[in-house]
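Enquirer: Please read through the structure below; I'll follow up with questions.
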Amino acid sequence: MEKLRVVLITVIVAVSASSSLRAHHSFAAEFDANQPVTLKGTIVKMDWVNPHTWIHLDVKNPDGTVTRWMIEGGTPNTLVRRGFTKKSVEAGTEITIQGYRAKNGANRANGADMILPNGQHLFLGSSGTGAPKDAPDGQK
Amino acid sequence: MRIRVVSLAAVVLALMAGMTGFAQSQAANAKSNATSASKVPRTPWGDPDLQGTWDYRTITPLERNRELGTRAFYTDEEKKALEDRAGKRMDTAPEKITPGLNHAQWWTDPGRFVSDGNRTSLVVDPPDGRIPALTAEGRARQGRAPNRNNAVNASWLDRGDQERCITYGLPSASLPTLYNNNIQIVQAPGTAVIVHEMIHEARVVPLDGRPRLNDGVRAWIGDTRGHWEGDTLVVETTNFNGKHSYRGSTTNLHLIERYTRVNDKRLELRLTVDDPTTWEKPWTVLLPMRPTEGELLEYACHEDNRSMFDILEVARDAEKAGAKGQAPSNPGPVDDRQER
Numbered sequence: 001m002e003k004l005r006v007v008l009i010t011v012i013v014a015v016s017a018s019s020s021l022r023a024h025h026s027f028a029a030e031f032d033a034n035q036p037v038t039l040k041g042t043i044v045k046m047d048w049v050n051p052h053t054w055i056h057l058d059v060k061n062p063d064g065t066v067t068r069w070m071i072e073g074g075t076p077n078t079l080v081r082r083g084f085t086k087k088s089v090e091a092g093t094e095i096t097i098q099g100y101r102a103k104n105g106a107n108r109a110n111g112a113d114m115i116l117p118n119g120q121h122l123f124l125g126s127s128g129t130g131a132p133k134d135a136p137d138g139q140k
Numbered sequence: 001m002r003i004r005v006v007s008l009a010a011v012v013l014a015l016m017a018g019m020t021g022f023a024q025s026q027a028a029n030a031k032s033n034a035t036s037a038s039k040v041p042r043t044p045w046g047d048p049d050l051q052g053t054w055d056y057r058t059i060t061p062l063e064r065n066r067e068l069g070t071r072a073f074y075t076d077e078e079k080k081a082l083e084d085r086a087g088k089r090m091d092t093a094p095e096k097i098t099p100g101l102n103h104a105q106w107w108t109d110p111g112r113f114v115s116d117g118n119r120t121s122l123v124v125d126p127p128d129g130r131i132p133a134l135t136a137e138g139r140a141r142q143g144r145a146p147n148r149n150n151a152v153n154a155s156w157l158d159r160g161d162q163e164r165c166i167t168y169g170l171p172s173a174s175l176p177t178l179y180n181n182n183i184q185i186v187q188a189p190g191t192a193v194i195v196h197e198m199i200h201e202a203r204v205v206p207l208d209g210r211p212r213l214n215d216g217v218r219a220w221i222g223d224t225r226g227h228w229e230g231d232t233l234v235v236e237t238t239n240f241n242g243k244h245s246y247r248g249s250t251t252n253l254h255l256i257e258r259y260t261r262v263n264d265k266r267l268e269l270r271l272t273v274d275d276p277t278t279w280e281k282p283w284t285v286l287l288p289m290r291p292t293e294g295e296l297l298e299y300a301c302h303e304d305n306r307s308m309f310d311i312l313e314v315a316r317d318a319e320k321a322g323a324k325g326q327a328p329s330n331p332g333p334v335d336d337r338q339e340r
């Protein structure tokens with residue numbers, strides 16, 4: 001049993017290391033991994049636009065002023081397939097975004113995670129889970 | 001919502017209108033096809049019906065990890081462990097946020113299943129599941145290629161074709177990646193159309209035996225011709241312009257795609273990639289596809305390609321900071337890969 005466990009770990013690590021996938025654009029040329037930001041604010045609107053969605057967020061500053069941020073998200077196709085709809089981000093919803101700020105210090109960020117007031121993370125689940133309601137063939 | 005559902009009806013109608021004569025000859029063939037027909041569904045004019053939208057997400061990597069050697073298949077236990085891990089990744093919040101990933105976990109939809117038959121790689125030929133070695137010429141060319149990691153982003157021309165929304169390229173657009181892993185096939189008498197979701201390219205495939213374009217006419221996604229071999233649609237593409245390279249491929253790239261509907265729930269693509277000036281021998285990928293749940297939405301990548309604007313803005317700001325004696329920010333690597 002221990003041997004099996006070792007083999008499994010080896011395979012998983014091996015597959016992880018070999019799975020190099022391409023994305024549409026470079027994070028590093030646009031955003032700064034050394035500038036993580038946590039933004040709590042109210043959704044103004046969401047642009048369901050290609051190649052990436054953008055969430056407009058009003059963030060209240062300690063002095064009472066408000067700063068509008070733009071948060072980059074996944075492609076519309078992907079979000080829809082992951083069960084994310086227009087209702088998921090209705091204007092007025094208060095959310096917390098964790099992400100990485102634009103390198104030039106603009107009020108833009110790459111959205112790494114989104115949390116609702118009740119602590120629930122959005123964008124969980126996806127199509128093709130194998131559940132009868134979800135996949136056309138239940139995937140074998 | 002500015003995205004639009006891809007509609008090929010107009011294209012197909014136009015194609016059909018121009019091919020009445022061909023359709024008639026095809027109809028005559030349909031009868032003979034029908035006599036030899038297997039259980040593969042047929043179009044009204046008798047061709048195997050491959051139409052639909054097909055999902056090729058998989059967690060099986062393109063190339064087999066070297067540690068697995070010649071082992072072409074996972075055990076059931078390994079498959080379960082890998083799929084459990086992929087499912088957990090899709091269904092739960094990440095335990096920690098990894099800075100610097102091109103795309104956050106919730107942006108992506110790479111799938112959760114090992115490829116049919118527990119395969120350890122999508123490459124099935126050569127038998128080691130790896131893309132063959134570069135030729136000496138290919139290695140020399142690679143050595144001369146500019147190092148884009150040091151790109152100064154002086155203009156959009158410094159960025160890749162994918163970032164610029166020109167093309168995802170071939171065979172990239174046919175291989176699994178982080179998202180948009182779907183194709184749509186539409187058929188008319190004498191013609192098939194393959195729509196790649198990634199950068200929404202539509203490839204029109206003449207099936208009427210017309211000659212290839214001459215060598216002087218070249219395109220980003222090449223020139224495509226098709227024919228039927230039994231129930232398999234064979235699609236050959238040449239005449240690439242070489243402006244988009246796949247792992248060092250050149251204008252000599254030659255792709256052969258073989259699409260076979262193996263059952264109601266599977267379309268199988270066997271893709272052979274050849275470029276004798278780049279790889280020591282051709283290599284072949286086996287990629288089973290499932291019917292896609294839901295619609296194929298138009299990934300009109302250039303619609304609001306704000307990233308390009310932002311990347312160039314960051315570069316200009318860095319230049320200004322440099323002129324003032326401040327440390328410019330590193331424009332960062334161009335490499336558009338990430339590990340998951």
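Just so you know, the sequences run in chain order A and B. Taking the working numbering as reference, the numbering of the first sequence is continuous, increasing by one, and the terminal residue is 140. Taking the working numbering as reference, the numbering of the second sequence is continuous, increasing by one, and the terminal residue is 340. Every residue gets a Cβ at the ideal spot worked out from N, C-alpha and C, and that includes glycine. Only a predicted model underlies this, so the values are computations on that prediction, with no experimental measurement involved.
#1: Along the chain, where does the beta strand (DSSP E) that runs through R81 of chain A open and close?
#2: Provide the residue(s) that pair with G99 of chain A in DSSP beta bridges, ordered along the chain.
#3: R68 of chain A: buried (16+ other C-beta within 10 angstroms of its C-beta) or exposed?
#4: Return the CA-CA distance between R340 of chain B and E313 of chain B, expressed in angstroms with no decimal places.
#5: Who are the near neighbours of I115 of chain A in its chain, counting only those whose CB is closer than 7 Å to its CB and skipping five residues on each side?
#6: In angstroms with no decimal places, state the Cα-to-Cα distance between D208 of chain B and A188 of chain B.
#7: Establish whether the CB of V44 of chain A and some CB of chain B are separated by less than 7 Å.
#8: Counting contacts by CB-CB distance shorter than 7 Å, is N263 of chain B in contact with chain A?
#9: Could you give the distance in angstroms between the alpha-carbon of W48 of chain A and the alpha-carbon of W54 of chain B?
#10: Can you tell me which of the three DSSP states K60 of chain A falls into?
#11: Determine contact between the segment 165 to 183 of chain B and the segment 194 to 201 of chain B, defined as no fewer than three beta-carbon pairs at a distance below 8 Å.
#12: For the candidate residues B:A86, B:P132, B:D91, B:A315, whose alpha-carbon lies nearest to that of F84 of chain A?
#13: What separation, rounded to the nearest whole angstrom, lies between the Cα atoms of G21 of chain B and D215 of chain B?
#14: By the DSSP assignment, the alpha helix (DSSP H) with R290 of chain B in it spans what residues?
#15: Name the chain A residues whose beta carbon is nearer than 9 Å to that of Y299 of chain B?
#16: Out of A:R108, A:N104, A:G92, state which residue places its alpha-carbon closest to the alpha-carbon of P117 of chain A.
#17: Below 7 Å between beta carbons: does that hold for N110 of chain A and G99 of chain A?
#18: Just checking: is the beta-carbon of W279 of chain B within a distance shorter than 7 Å of some beta-carbon in chain A?
#19: From E78 of chain B to D116 of chain B, what distance separates their C-alpha atoms?
#20: How many angstroms separate the CA atom of V123 of chain B from the CA atom of K324 of chain B?
#21: Could you tell me whether the Cβ atoms of G143 of chain B and Y246 of chain B are closer together than 7 Å?
#22: Step through the CB atoms of chain A and report whether any lies within less than 7 Å of the CB of D304 of chain B.
Expert: Taking the structure as given:
#1: Looking at the DSSP string, R81 of chain A is not in any beta strand (DSSP E); the run it does join, the alpha helix (DSSP H), is 76 to 81.
#2: A:V37, A:G111
#3: exposed
#4: Because R340 of chain B carries a pLDDT of 23, less than 50, the predicted location of this residue cannot be relied on, and the following value inherits that uncertainty. Approximately 28 Å, taken between the alpha carbons.
#5: I95, T96, H121
#6: 11 Å
#7: no
#8: no
#9: 24 Å
#10: strand
#11: yes
#12: B:D91
#13: Residue confidence for G21 of chain B is low, a pLDDT of 43 falling below 50, so the modelled location carries little weight; the figure read from the coordinates is stated next. Computed Cα separation, rounded: 29 Å.
#14: Unbroken run through R290 of chain B is the beta strand (DSSP E), 283 to 291; no alpha helix (DSSP H).
#15: N50, P51, T75, P76, N77
#16: A:G92
#17: yes
#18: no
#19: 14 Å
#20: 52 Å
#21: no
#22: yes
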